[in-house]
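Residue numbers (UniProt numbering): 1 to 286.
What follows is a short report on a single structure.
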């Protein structure tokens, strides 16, 4: 196995162009597990730990640009205000050691349906910035980034540079079901983001389909029927949960049955919407 260790972003792109078969590694919280378990044996590893550009985060034209190597701990400590849904999800990731090493960029690269950052990225309409040495930058909406189980929209010569997320204009909430309270891969997860200025609600479902996905019919229901100045109608919340559950397409596996996941998604959707709506009404009254 070859080991490539660029020190700049330009060197990283050149290395990836020269060796499209090289697997990028940053925190190693996914890649090293697969290597140690002999699930994969890549021909080359592309170590990005020395590429300082990937650890940058900044507010650019009103949008947060979070580098692919910004660790979950930094998301929690520095971005919890503008990106609350993503920060909530980051708090549920592994242990403190994993949160210090793992990153949203790594989660995107792994493209596991169970990745904790995917639902809030979908709910917040995030965009993934990727780049290649020869073709430059592409901006991929999160909803178009996931192609299948552990498959994403990256071309062989592309690397993830950053994720772009607009600051929250309303409450955002994340919920996750696991087989225990900590250090757990999601049985299923759900995120909701209220966008009051646009009078719409964004959703994200995790670990309940071949890819993370939005519940589009549920979003359309709320766009039609929500009264943004009134308390949440319990019947509307129930219907929202039902449509979110219907959007899931899970499987049975060692963590849970498909039937349980469908039920849990519906419950989480109803609860997170209720939490977010109560928060929204509280802000209006303040």
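All C-beta atoms, glycine included, are put in the ideal place defined by N, C-alpha and C.
Source: prediction; values computed, not measured.
Please report how far the alpha carbon of residue 151 lies from the alpha carbon of residue 144, in whole angstroms. For this step, residue 151 is matched to residue 151 along the chain shown. For this step, residue 144 is matched to residue 144 along the chain shown. Near 11 Å, if we compare the C-alpha coordinates of residue 144 and residue 151.
Among 3, 149 and 268, which residue has its Cα nearest to the Cα of residue 108? On the chain shown, position 108 is the one that residue 108 refers to. It is 149 whose Cα lies nearest to the Cα of residue 108.
With hydrogens ignored, establish whether the beta-carbon of residue 164 is closer than 7 Å to any heavy atom of the ligand SAM. As for the ligand SAM, it is missing from this structure, which has no ligand bound.
Please give the ranges of any beta strand (DSSP E) in the segment 14 to 99, keeping only runs that are unbroken, at least 3 residues long and fully inside the region. 22 to 25, 44 to 47, 57 to 60 and 63 to 67
If you run the structure through DSSP and keep just helix, strand and coil, what is residue 199? Sequence index remark: in the chain shown, residue 199 carries index 199 (1-based). Coil, per DSSP.
Just reading off the beta strand (DSSP E) that residue 2 is part of, what are its end residues? Within the chain shown, residue 2 is the residue found at index 2, counting from 1. Secondary structure note for residue 2: its beta strand (DSSP E) is the uninterrupted segment 2 to 4.
Could you give the DSSP three-state label for residue 141: helix, strand or coil? Here residue 141 corresponds to residue number 141 of the chain shown, with the count starting at 1. Note: residue 141 maps to strand in three-state DSSP.
Let's test the definition: count the other Cβ atoms within 10 Å of the Cβ of residue 129 and tell me whether it reaches 16, buried, or not, exposed. On the chain shown, residue 129 is found 129 positions in, with the first residue counted as 1. Residue environment for residue 129: buried (at least 16 other C-beta atoms within 10 angstroms of its C-beta).
Specify, as a first and last residue, the run of the beta strand (DSSP E) that residue 163 falls within. As a first step, residue 163 is located in the chain shown; it is residue number 163 there, counting from the start. 158 to 165 is the span of the beta strand (DSSP E), which, as asked, contains residue 163.
In chain order, each alpha helix (DSSP H) run of at least 4 residues that lies wholly inside the segment 213 to 238: 216 to 225, all fully within the segment 213 to 238.
Classification of residue 3 by the beta-carbon crowding that lies within 10 angstroms, buried from 16 upward: The sequence position of residue 3 within the chain shown is 3, counting from 1. Looking at its Cβ environment, which holds fewer than 16 other Cβ atoms inside 10 Å, residue 3 is exposed.
What does the alpha-carbon distance come out to for the pair residue 172 and residue 6? Residue mapping note: residue 172 aligns to position 172 of the chain shown, counting from 1. Residue mapping note: residue 6 aligns to position 6 of the chain shown, counting from 1. About 37 Å.
Of the residues 210, 41, 13 and 268, the one placed nearest residue 155, counting alpha carbons only: For this step, residue 155 is matched to residue 155 along the chain shown. Among 210, 41, 13 and 268, the Cα nearest to that of residue 155 belongs to 13.
Taking only the alpha-carbon atoms, compute the straight-line gap between residue 46 and residue 137 and give it to the nearest angstrom. The count along the chain shown starts at 1 and reaches residue 46 at position 46. The count along the chain shown starts at 1 and reaches residue 137 at position 137. If I take the Cα positions, the gap works out to 19 Å.
Three-state secondary structure (DSSP) at residue 135? As a first step, residue 135 must be located in the chain shown, where it is residue number 135. Correct three-state label for residue 135: coil.
Considering only the alpha carbon of each residue, which of 124, 121 and 162 lies closest to residue 139? Mapped onto the chain shown, residue 139 falls at position 139. Ranking the options by Cα distance to residue 139, first place goes to 162.
Selection from 32, 52, 51 and 53 that minimises the alpha carbon distance to residue 44: Here residue 44 corresponds to residue number 44 of the chain shown, with the count starting at 1. Here the closest residue by C-alpha is 32.
Mind reading off the beta-carbon distance from residue 262 to residue 245? Whole number of angstroms is fine, and I expect it under 8 Å. Looking up residue 262 in the chain shown gives position 262. Looking up residue 245 in the chain shown gives position 245. Indeed they touch by this definition, with Cβ atoms about 5 Å apart.
How would you write the range of the beta strand (DSSP E) that residue 177 sits in, first residue to last? As a working note, residue 177 is residue 177 in the chain shown. Looking at the DSSP string, the run of the beta strand (DSSP E) that includes residue 177 is 172 to 177.
Per DSSP, residue 188 is paired with what? Residue 188 sits at position 188 when you count from the first residue of the chain shown. Bridge partners of residue 188: 177.
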